Each structure stands twice: as C-alpha cells, then as structure tokens.
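Below you'll find the structure, written out as structure tokens, and then a few comments.
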Amino acid sequence: MVSGTASYPKNDVTTPTVLIVEDDDSTTPLEIALAALDGVKVVILANGREAIDLLRLPSMNIAAVVTDLHVPHVDGFELIKTIRADERYSRLPVVVVSGDTHPDVPERLRTLGADAFFSKPYSPAEVRKTLRGLLNAT
C-alpha cells in the first residue's frame, strides 16, 4: 500500500492498482479492506487532481477508482467525468463513498457513469465485495 499526497508510486504495469481518492484521514478501514483484494495494490490520494495526474501516466495499471465526492482541487463528480471522457478508462470501475446526502446524488452519479455508491457511514467489507465483483467483471 502506498499513501501520500505528493509522491506517486513507481510506474508498475504488472500490478493492478486501486486508487482511493479521499482527503479524510479515516480511510484506514477502507484501505485495509481493499488491501485484502488479492493481486491489487492500493494507492491513497488526497485530491482529485492527483488522481487525474496518476491516471494520465501511460505505464500505470489502474484497475479501479474509489473516490469521495468532496475532495480538494477536483471533486469526485469532475473526476468521474474526466475518467469517463478518456477512452482508456471508459469502462474503469468507479466506486463512490461519500457523506453527501443530497437526494439527487445517486442519480447524478449513475448519469456520470459511477458503478456503485456507498453513503457514509459505510461497510468497508461491502465496498470490497462490490469492488471485487466489478474487478472480476472487467
């Protein structure tokens, strides 16, 4: 597992990577849950801009993105739009974990192309189970 805000992991085309985009320090249970997925590396990023920068590295093997909606610089909605606009990632599994309780959020996320939405508080085990299913389907 790698976490941080300014240093990116070494380019690694062999190990599938799951990006967690979350500016809250409470990502540890989610990080632990996703680390239990066999054969994937977990990278935690503190904002959407870092995620976009990492997605643009040609030699990264990004398998999925798990994001909060309200992160600095580029929010989760814009991150999903950017991911879906890139042909390489048009089918990349995107899971949203957010405390946003606005009633329009689930429909907006479906429209943008998010694959799953978990409202905080959430079960890290359920996020892992859903992500495992999405990874197995790709």
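Positions in the sequence shown are counted from 1; adding 23 to them yields my numbering. The C-beta atom is built at its ideal place from N, Cα and C for all residues, glycine as well. Bear in mind the structure is a predicted one, so any value in this text is a computation, not a measurement.
Can you say whether residue i is buried or exposed, counting buried as having 16 or more other CB atoms within 10 angstroms of its CB?
i, result
"ARG151", "buried"
"ALA74", "buried"
"GLY27", "Bear in mind that the predicted position of GLY27 carries a pLDDT of just 44, short of 50, making it unreliable; the figure below should be weighed with that in mind. Counting Cβ neighbours within 10 Å, GLY27 comes out exposed, since fewer than 16 surround it."
"ALA59", "exposed"
"GLY99", "buried"
"PRO109", "Note that residue 109 is Asp in the sequence shown, not Pro. It is exposed - the Cβ of ASP109 has fewer than 16 other Cβ atoms within 10 Å."
What three-state label does DSSP hand residue i in the structure shown?
i, result
"THR134", "helix"
"THR153", "helix"
"PRO52", "helix"
"SER26", "Residue confidence is low: SER26 scores 43 on pLDDT, short of 50, so the model does not pin down where it sits. No coordinate-derived value is stated."
"TYR31", "In this predicted model, TYR31 has a pLDDT of only 48, less than 50, meaning its place in the structure is not dependable; the value taken from the coordinates is given anyway. The answer is coil: DSSP assigns TYR31 none of H, G, I, E or B."
According to the Cβ coordinates, are residue i and residue j closer than 7 Å?
i, j, result
"GLY62", "VAL44", "no"
"PRO39", "PRO147", "no"
"PHE140", "PRO126", "no"
"VAL94", "ASP138", "no"
"ALA86", "VAL41", "yes"
If we cut at 7 Å on Cβ distances, does residue i have a partner in chain B?
i, result
"ARG114", "In the structure shown, chain B cannot be found, because there is only a single protein chain."
Quick one: which unbroken beta strand (DSSP E) runs of 3-plus residues sit fully inside the stretch 59-126? Chain order, please.
64-68, 85-90 and 117-121
Open item on the list: Does the structure place the stretch 90-100 close enough to the stretch 115-134 that three or more beta carbon pairs sit under 8 Å?
Closed with: yes
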